[in-house]
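So the sequence lines, in the order shown, correspond to chains Y and X. Position one of the first sequence corresponds to residue 32 (our numbering), numbered consecutively onward. Position one of the second sequence corresponds to residue 59 (our numbering), numbered consecutively onward. Down below is the structure, laid out as structure tokens.
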Amino acid sequence: MDNPGLYSLGDATITSAGTQTFSAVDVDLSGISSLSAQFRFAPTGGGTSVKVYLQTSLDGGTTWVDIACVAFTTSAGVKAVNLNAGTPKTTPVTPTDGTLTDDTCVDGLIGTLVRQKVVSVGTYTANTLMSGRIVAR
Amino acid sequence: MTPTAAILMLDRQLAKNGEPIRLVKRAGLGVVSFEVTCQAMVRGYDAEALTKDQSLTQLHRQVILSPTEITEKGWPGAQLNTPTSVDPRVPVNGDEVIFNGVSYRVERGLPIKMMGVLVRLELRVKG
Chain Y
32 MDNPGLYSLG DATITSAGTQ TFSAVDVDLS GISSLSAQFR FAPTGGGTSV KVYLQTSLDG
92 GTTWVDIACV AFTTSAGVKA VNLNAGTPKT TPVTPTDGTL TDDTCVDGLI GTLVRQKVVS
152 VGTYTANTLM SGRIVAR
Chain X
59 MTPTAAILML DRQLAKNGEP IRLVKRAGLG VVSFEVTCQA MVRGYDAEAL TKDQSLTQLH
119 RQVILSPTEI TEKGWPGAQL NTPTSVDPRV PVNGDEVIFN GVSYRVERGL PIKMMGVLVR
179 LELRVKG
């Protein structure tokens, strides 16, 4: 891979319910073989749930595919996943976009673009933060 | 001169005469951060500048950066997909510059463009 290293998926400030879709990591991830992603949730109060969808695109950004979903409720926490582009996927996968089951992953699909989509329910108090990071290899 | 040539020229100068700094973006009451190490020129303001601009003090520094390392790192990270004319690569008030073990707060960042391409960044920071 040309540009291995630590990259930020973005830091989402969460208040009222809604969906925050971030831009893709603005680095060429061509040749990526695996990635580890970490999601840190730091609520300050209130709210119901927050789900983060780690997504990738296999067509340059036209179609986005869920490859991980991590879920939080009202407590602070950190969750991490590791995904490998070399995992065989011999049975075709029907991609989802923002609907992958909580705390599950789809391994074996990593394109040249990676982003996060943050979906929150309920109203969190000010300065509630969801931060995503990846280490790309 | 093309923008690419201007950036390369600045990169050469900074590699030769600059020093490494860490440019840090913090979020959520400073709980999380994302940073990039850049080569930069750091200098204080001379007496004439301090006299002309009443807002400047001896604690201020001017930091000159190339966009190269910032772009390669993808600093400050992914942004919300909201159309904006503001280039997120330009440090803003509240960002942090760390050099020689000392932390300085960015007061303002000035992007220098050539033909619409970001070729240089000048920051005013205060320690």
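Beta carbons: idealized from backbone N, C-alpha and C, even for Gly.
By Cβ distance below 6 Å, which residues in the same chain neighbour Trp133 of chain X in space, the five residues on each side in sequence not counted?
As a first step, residue 133 of chain X is located in the second sequence; it is residue number 75 there, counting from the start. Hits under 6 Å: Val94.
Please name the residue or residues paired with Leu160 of chain Y in a DSSP beta bridge.
Walking along the first sequence from the start, residue 160 of chain Y turns up at place 129. Answer is Y:Thr44 and Y:Ala73, bridged to Leu160 of chain Y.
Report the rounded CA-to-CA distance for Asp134 of chain Y versus Val149 of chain Y, giving the unit in angstroms.
Position 103 of the first sequence holds residue 134 of chain Y. Position 118 of the first sequence holds residue 149 of chain Y. Looking at the two C-alpha atoms, the distance is approximately 14 Å.
7 Å is my cut-off, CB to CB: does Val89 of chain X come that close to chain Y?
On the second sequence, residue 89 of chain X is found 31 positions in, with the first residue counted as 1. Yes, Val89 of chain X counts as interfacial toward chain Y.
For the stretch 89–104 of chain X against the stretch 77–86 of chain Y, are there 3 or more C-beta pairs whose distance is under 8 Å?
no
Which of the three DSSP states is assigned to Gln112 of chain X in this structure?
Numbered from its first residue, the second sequence carries residue 112 of chain X at position 54. In this structure, Gln112 of chain X counts as coil in the three-state DSSP scheme.
What three-state label does DSSP hand Arg168 of chain Y in the structure shown?
Locating residue 168 of chain Y in the first sequence gives position 137, counting from the first residue. Coil, per DSSP.
Looking only at DSSP bridge pairs, what is Gln147 of chain Y linked to?
The residue labelled residue 147 of chain Y in the question sits at position 116 within the first sequence. Paired residues: Y:Leu85.
Closer than 8 Å is the cut-off here; do at least three beta carbon pairs connect the stretch 106–123 of chain Y with the stretch 51–71 of chain Y?
yes
Taking 7 Å as the CB-CB cut-off, is Gly152 of chain X touching chain Y?
Walking along the second sequence from the start, residue 152 of chain X turns up at place 94. Not closer than 7 Å to any Cβ of chain Y, the Cβ of Gly152 of chain X fails to qualify, so no.
Using a Cβ cut-off of 8 Å, which residues of the stretch 70–103 of chain Y contact any Cβ in chain X, in chain order?
Arg71 and Ala73
Just to confirm, are Ala43 of chain Y and Arg146 of chain Y a CB contact at a threshold of 7 Å?
Within the first sequence, the letter at position 12 stands for residue 43 of chain Y. Within the first sequence, the letter at position 115 stands for residue 146 of chain Y. Going by C-beta atoms, Ala43 of chain Y is not nearer than 7 Å to Arg146 of chain Y.
Starting from Ile156 of chain X, trace the beta strand (DSSP E) both ways and give me its first and last residue.
As a position in the second sequence, residue 156 of chain X is number 98, starting the count at 1. Residues Glu154 to Phe157.
Taking Ser161 of chain X as the reference, give the member of X:Lys184, X:Met173 and X:Leu108 with the closest Cα.
Mapped onto the second sequence, residue 161 of chain X falls at position 103. If we check each option's Cα against that of Ser161 of chain X, X:Lys184 comes out closest.
Who does Thr52 of chain Y pair with in a DSSP beta bridge?
Along the first sequence, one-based indexing puts residue 52 of chain Y at 21. Paired residues: Y:Lys148.
Going by C-alpha distance, which of Y:Thr75, Y:Pro119, Y:Ile141 and Y:Gly62 is nearest Thr94 of chain Y?
Mapped onto the first sequence, residue 94 of chain Y falls at position 63. That would be Y:Ile141, whose Cα lies nearest to the Cα of Thr94 of chain Y.
Buried or exposed for Ala136 of chain X, please, with buried defined as at least 16 other CB atoms from any protein chain shown within 10 angstroms of its CB.
Counted from its first residue, the second sequence places residue 136 of chain X at position 78. Classification for Ala136 of chain X: buried.
Rounded to whole angstroms, how far is the Cβ of Gly86 of chain X from the Cβ of Asn158 of chain Y, which I believe are closer than 8 Å?
Translated into the one-based positions of the second sequence, residue 86 of chain X becomes position 28. Translated into the one-based positions of the first sequence, residue 158 of chain Y becomes position 127. Contact flag correct, Cβ pair sits at about 6 Å.
If you draw a straight line from the alpha carbon of Lys171 of chain X to that of Ile128 of chain X, how long is it in whole angstroms?
What you label residue 171 of chain X is simply residue 113 of the second sequence in a count that begins at 1. What you label residue 128 of chain X is simply residue 70 of the second sequence in a count that begins at 1. Going by the C-alpha atoms only, they are around 15 Å apart.
Whole angstroms are fine: how far does the CA of Ile165 of chain Y sit from the CA of Leu144 of chain Y?
The sequence position of residue 144 of chain Y within the first sequence is 113, counting from 1. The sequence position of residue 165 of chain Y within the first sequence is 134, counting from 1. Straight-line Cα distance between these residues: approximately 12 Å.
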